[in-house]
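Residue numbers for the sequence shown follow full-length UniProt numbering, so the first one is 1 and each next one is one higher. Cβ coordinates follow ideal geometry from the N, Cα and C atoms, glycine included. Right, one structure below, let's go through it.
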Amino acid sequence: MRPAYSSANLRTQATCVLHPETVEGPYYIRNELVRSDLREDQAGATLFLDIGVIDIDTCEPIPNAFVELWNANSTGSYGGYHGANGSPDAVHTETFLRGGYFTNDDGVVEITTLFPGFYQGRTAHIHTMIHSNWAGRPNGTLVSDAGSVNHIGQFFFDEAWNDKVFDTVPYNTNAQNRTLNSEDGILQAAGPNAFVDISYAEGEDLSAGLVGYITVVVNKTISYTINNANELR
Numbered sequence: 001m002r003p004a005y006s007s008a009n010l011r012t013q014a015t016c017v018l019h020p021e022t023v024e025g026p027y028y029i030r031n032e033l034v035r036s037d038l039r040e041d042q043a044g045a046t047l048f049l050d051i052g053v054i055d056i057d058t059c060e061p062i063p064n065a066f067v068e069l070w071n072a073n074s075t076g077s078y079g080g081y082h083g084a085n086g087s088p089d090a091v092h093t094e095t096f097l098r099g100g101y102f103t104n105d106d107g108v109v110e111i112t113t114l115f116p117g118f119y120q121g122r123t124a125h126i127h128t129m130i131h132s133n134w135a136g137r138p139n140g141t142l143v144s145d146a147g148s149v150n151h152i153g154q155f156f157f158d159e160a161w162n163d164k165v166f167d168t169v170p171y172n173t174n175a176q177n178r179t180l181n182s183e184d185g186i187l188q189a190a191g192p193n194a195f196v197d198i199s200y201a202e203g204e205d206l207s208a209g210l211v212g213y214i215t216v217v218v219n220k221t222i223s224y225t226i227n228n229a230n231e232l233r
């Protein structure tokens, strides 16, 4: 059985240094689903991503922080955006690999997604947005404008893990030009704290999925503005 990510793990991994802020990017969609499994019918390597959230002012875990994620699928397309490179010909009823959930009393949440595919100009990455004082609707969606956005960032993966995953189906059917970690300017600006610690969920069997751990230190006194006006319909 894979180990749980506890508050003890979180404190051990964290150095109480703010997680790097990065660009929101063009593929955010507001008011996504409140859920912990984002996969839907998408094919790829399952990633059980355990995220710990810490307050920079106290170096203590933050319970009930809403951790929102969105990432490209195995062939480099985002749910809600179609066309070459996922261009913004939006189909805002699609929800795959989008959504989020709230941290428990230990400041930890596990979200199940897929290891992200690459697309031209970008290495594998997962976008994240962390909300405090958040609110949800009765239909199970987030109210993106409620509360405060304390962090907008991206998570990255060691190139060795990218290589292992991208050699498998359906990632190896991606016809786009691959961008390596060393070629991604956003990754270079984000630095080492933006990397997820990865291991196999069972043995060395990729079909059983991967487990990822990362701690995000945020400043709750800061509220960032969401730039993208597109929303789930």
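Run the CB neighbour count on A43, radius 10 Å, all protein chains shown included, and call it buried at 16 or more, exposed below. exposed
In this structure, how does DSSP classify G100 when only helix, strand and coil are distinguished? strand
Could you give the C-beta distance for I152 and E24, rounded to a whole number, given that I count them as a contact under 8 Å? 5 Å
Quick one: using the 10 Å Cβ neighbour count with 16 as the cut-off for buried, is T173 buried or exposed? exposed
Closest Cα partner of V216 within the set S182, R137, F115, V108: V108
Can you list, in chain order, the residues of its chain with a C-beta nearer than 6 Å to that of N227? Leave out the 5 residues immediately preceding and following it. E24
Could you give the first and the last residue of the continuous alpha helix (DSSP H) run that contains V165? 159 to 166
So what does DSSP say about A84, is it helix, strand or coil? Because the pLDDT of A84 is 46, which lies under 50, any placement of that residue in the model is unreliable, and the question is left without a value.
Whole alpha helix (DSSP H) elements within the stretch 127 to 195, 4-residue minimum: 159 to 166, 185 to 190
Taking buried to mean at least 16 other C-beta atoms within 10 Å of its own C-beta, is G191 buried or exposed? exposed
Return the chain-ordered list of same chain residues with a C-beta closer than 7 Å to the C-beta of P88, the five sequence neighbours on each side being excluded. Model confidence at P88 stands at a pLDDT of 45, short of 50, so the residue's coordinates are unreliable and nothing is read from them.
Rounded straight-line distance, which links the Cα of N73 to that of D167: 15 Å
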